[in-house]
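Chemist:
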Amino acid sequence: MTDTLRIGPVLWLEQALARDAGAACPPLAGTVHADVCIVGGGFTGLWTALELAREAPDTRIVLLEAEGCGFGASGRNGGWATSWYDELDSLVAHFGAQQAALLAAHSSRAIDRIEELCGEEGIDCDLRRGGALIAATGQAQEASFEGPLAAARELGGDAVGRVVALAGAELRRRTGSPVLRRGVHLTDAAAIQPALLARGMREAALRRGVRIFEGTPVLELERTKPAVLVTRAGRVEAERVVVATGAWAARMRELRRAIVPVGSHIVVTEPIPELVRGLGWTGGELLGDARLLVHYAQVTRDGRIAFGRGGGAIGTAGRIRPVHWVDATTVATVTAGLRRWFPQLAGVRVTHAWGGAVDRAPGHLPFVGTLGDHENVEYGVGFSGNGVAPSALIGRILARRALGVVDELTTSALVSGPPGYLPPEPLRSLGAVTIQRAVARAEAAEERGQQASRADTALRGLLWFTMPRALEPRAWRRR
Ligand SMILES: Cc1cc2nc3c(=O)[nH]c(=O)nc-3n(C[C@H](O)[C@H](O)[C@H](O)COP(=O)(O)OP(=O)(O)OC[C@H]3O[C@@H](n4cnc5c(N)ncnc54)[C@H](O)[C@@H]3O)c2cc1C
4 MTDTLRIGPV LWLEQALARD AGAACPPLAG TVHADVCIVG GGFTGLWTAL
54 ELAREAPDTR IVLLEAEGCG FGASGRNGGW ATSWYDELDS LVAHFGAQQA
104 ALLAAHSSRA IDRIEELCGE EGIDCDLRRG GALIAATGQA QEASFEGPLA
154 AARELGGDAV GRVVALAGAE LRRRTGSPVL RRGVHLTDAA AIQPALLARG
204 MREAALRRGV RIFEGTPVLE LERTKPAVLV TRAGRVEAER VVVATGAWAA
254 RMRELRRAIV PVGSHIVVTE PIPELVRGLG WTGGELLGDA RLLVHYAQVT
304 RDGRIAFGRG GGAIGTAGRI RPVHWVDATT VATVTAGLRR WFPQLAGVRV
354 THAWGGAVDR APGHLPFVGT LGDHENVEYG VGFSGNGVAP SALIGRILAR
404 RALGVVDELT TSALVSGPPG YLPPEPLRSL GAVTIQRAVA RAEAAEERGQ
454 QASRADTALR GLLWFTMPRA LEPRAWRRR
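To convert, note that position 410 of the sequence shown is 413 in our numbering; the numbers rise steadily by one, no gaps.
#1: Give every residue of the same chain whose Cβ lies closer than 8 Å to the Cβ of residue 351, excluding the five residues on either side of it in the sequence, and list them in chain order.
#2: If we call anything under 7 Å between Cβ atoms a contact, is residue 196 one with residue 129?
#3: Assuming residue 46 is part of the alpha helix (DSSP H), what are its boundary residues?
#4: Quick check on the DSSP output: the beta strand (DSSP E) that includes residue 370 runs from which residue to which?
#5: Please say whether residue 66 and residue 78 have beta carbons closer to each other than 7 Å?
#6: Around the Cβ of residue 165, are there at least 16 other Cβ atoms within 10 angstroms (buried) or fewer (exposed)?
#7: Around the Cβ of residue 477, are there at least 16 other Cβ atoms within 10 angstroms (buried) or fewer (exposed)?
#8: Among the residues of its own chain, which have a CB less than 7 Å from the CB of residue 445, if the five just before and after it don't count?
#9: Using 8 Å as the threshold, is the segment 230–250 in touch with the segment 282–300, meaning 3 or more CB pairs across them?
#10: Is it buried or exposed for residue 101, if we count other Cβ within 10 angstroms and need 16 for buried?
#11: Take residue 148 and list the residues in its own chain whose beta-carbon comes closer than 6 Å to its own, dropping the five residues that flank it on each side.
#12: At 4 residues or longer, what runs of the alpha helix (DSSP H) sit wholly inside the segment 371–425?
#13: On the three-pair Cβ rule with 8 Å, is the segment 379–386 touching the segment 98–114?
#14: Measuring alpha carbon to alpha carbon, tell me which residue in 192, 106, 339, 174 is nearest residue 131.
#15: Can you say whether residue 153 is buried or exposed, counting buried as having 16 or more other CB atoms within 10 angstroms of its CB?
#16: Whole-angstrom Cβ separation of residue 179 and residue 301, contact assumed at under 8 Å?
#17: Compute the minimum distance between the beta carbon of residue 339 and the heavy atoms of ligand 2, and state whether it is under 6 Å.
#18: Tell me the rounded alpha-carbon separation between residue 224 and residue 112.
#19: Identify whether residue 237 lies in helix, strand or coil by the three-state DSSP scheme.
#20: What would DSSP say about residue 345, mapped onto helix, strand or coil?
#21: With residue 83 and residue 94 assumed to form a contact (beta carbons below 8 Å), what rounded beta-carbon distance in angstroms separates them?
#22: Put residue 262 into one of helix, strand or coil per three-state DSSP.
#23: In whole angstroms, what is the alpha-carbon distance linking residue 236 and residue 221?
#24: For residue 353, collect the residues of the same chain with a Cβ closer than 6 Å to its Cβ; drop the 5 residues on either side in sequence, then sort them by chain order.
#25: Could you name the residues of the same chain whose beta carbon sits closer than 8 Å to that of residue 29, not counting the 5 residues immediately before and after it, in chain order?
#26: Give a single yes or no on whether residue 74 has its beta carbon closer than 6 Å to a heavy atom of ligand 1.
#27: Let me check you understand the geometry: is the CB of residue 77 closer than 6 Å to at least one non-hydrogen atom of ligand 1?
#28: Based on DSSP bridge pairs, tell me the residues matched to residue 90.
#29: Using DSSP with H/G/I as helix, E/B as strand and the rest coil, what is residue 267?
#30: Does the separation of the CB atoms of residue 207 and residue 16 fall below 7 Å?
#31: Relative to the C-alpha of residue 268, which candidate in 311, 252, 259, 260 has its C-alpha closest?
#32: For the beta strand (DSSP E) containing residue 67, name the first residue and the last one.
#33: Report the residue from 158, 202, 76, 290 whose alpha carbon sits nearest the alpha carbon of residue 494.
#34: Looking at residue 359: is its Cβ nearer than 7 Å to the Cβ of residue 316?
#35: Would you identify the three-state DSSP class for residue 467, choosing helix, strand or coil?
#36: With DSSP run on the structure shown, which of helix, strand or coil describes residue 273?
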């Protein structure tokens, strides 16, 4: 390997397209009719299509994707397929013990579902079920594990074995990273190569009769019955619409105060299988920390280390900006993080770096709802950087709601629209940037063993600030 650093191109997508570009899905031309039209060809849209096709094979399903399936977050993420057992305490706090148990169990089943789908459809996405190691990298983070561990003990049953405390020495032994302190093992998690999964799902959807049009951005959504989706050279008339556009949904008037695009960047080393073996990181485990500006990592099948960091650029006024895809300054910061976590990698080259946008929501959990008062248009957004497995769950909910199924999932706590609303612009972006900088300073200080300043601690507390739903303009509220 002699290649130098390439910033921008996504290694995952390059690998997936080189392995199999799949059948062509040309842009839509003319008018088509659909029972369900899905907007967005990421995991959420593809899961919705696959679940619909499985449960009601006669449904006329059309999927419109602005670029190519997997182009968005789904083809460029860290490959962490994790459940919600590490946030069990906040699930309980928000929704009560019964809903928390239900949602956590389904989030774990979503990982099983990915594995099942890969088996059923012959998708090889390098899936390895070594769990996820989440470690503190400063003393202040250590307290964050108490809540989920206590909640798991309280709930009992499967929960107890899903999130297990680990000592710092054990974490360091299993990964070779000297910066790790105590943490937890999420035992049900899986590492994947996400673009291989997204492109495999695309092929599976095509085999099941889903009509996919790529290079087809929806320019206008007429909120009528049937709904009309206008594209550059065509239109779809659809009985129902599912909006699955991830961070791009922040531009929709009904959702612009419910989610904010936030950047996340990944760097990948050259293949270093021998060095990785030397680190002792051989169990296929995902590895991350407990910061709000989270670090996340995995070892790829060919022995590279992929290392990412969330909490990047804010999408002012809901816009995804060039800085979300490629930002040399962020790449330098993430690379410095990689070298700090693994000083053993001095001299190892970083060959790829890219970014993407996350659909950050106040509750840090995805939500499903109808667009304003338009019962025939539903959305599933707000994954907040944890959507690889949860998108399988949300896709299932969206598909079943489109079919009119009433069950514990379609009526669950996730199906009540946005959990809160952010302030209007310019306050939203100014606030987000100010709070994010304060969090960065506070977490850096804590990692150095210092105390965060009072001002930064106070600003960090505003991270979860939302406006009461009652203060929203009438038209935006759900019925
Ligand atoms: C760098 C990065 C790292 C991440 N790491 C992880 C991780 O390790 N684990 C985890 O669980 N989650 C992670 N996430 C989040 C996760 O990838 C997503 O939550 C998940 O893939 C679900 O995506 P989605 O289908 O909702 O959206 P996307 O995958 O973004 O799909 C939305 C699609 O909609 C299309 N689109 C947008 N506008 C239009 C329009 N007008 N018309 C037609 N199509 C349109 C886009 O082109 C895009 O393909 C990460 C995200 C990023 C960006």
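Each residue gets a CB set at the ideal place from its N, CA and C atoms; glycine is no exception.
Modeler: Considering the structure as presented:
#1: 272, 273, 275, 278
#2: yes
#3: 46–58
#4: 370–374
#5: no
#6: buried
#7: In this predicted model, residue 477 has a pLDDT of only 46, less than 50, meaning its place in the structure is not dependable; the value taken from the coordinates is given anyway. Per the 10 Å Cβ criterion, exposed.
#8: 455, 459, 460, 463
#9: no
#10: exposed
#11: 187
#12: 393–405
#13: no
#14: 192
#15: exposed
#16: In fact, because the Cβ distance is near 14 Å, the residues do not count as touching under 8 Å.
#17: Of the ligands this structure carries, namely ligand 1, none is ligand 2.
#18: 33 Å
#19: strand
#20: coil
#21: Not really, about 18 Å apart at Cβ, beyond 8 Å.
#22: coil
#23: 10 Å
#24: 8, 270, 272, 338
#25: 216, 217, 218
#26: yes
#27: yes
#28: Note: residue 90 sits in no beta bridge, so no partner.
#29: strand
#30: no
#31: 311
#32: 64–67
#33: Residue 494 cannot be examined here, being either before or after the span of the chain that is shown, 4 to 482.
#34: no
#35: helix
#36: coil
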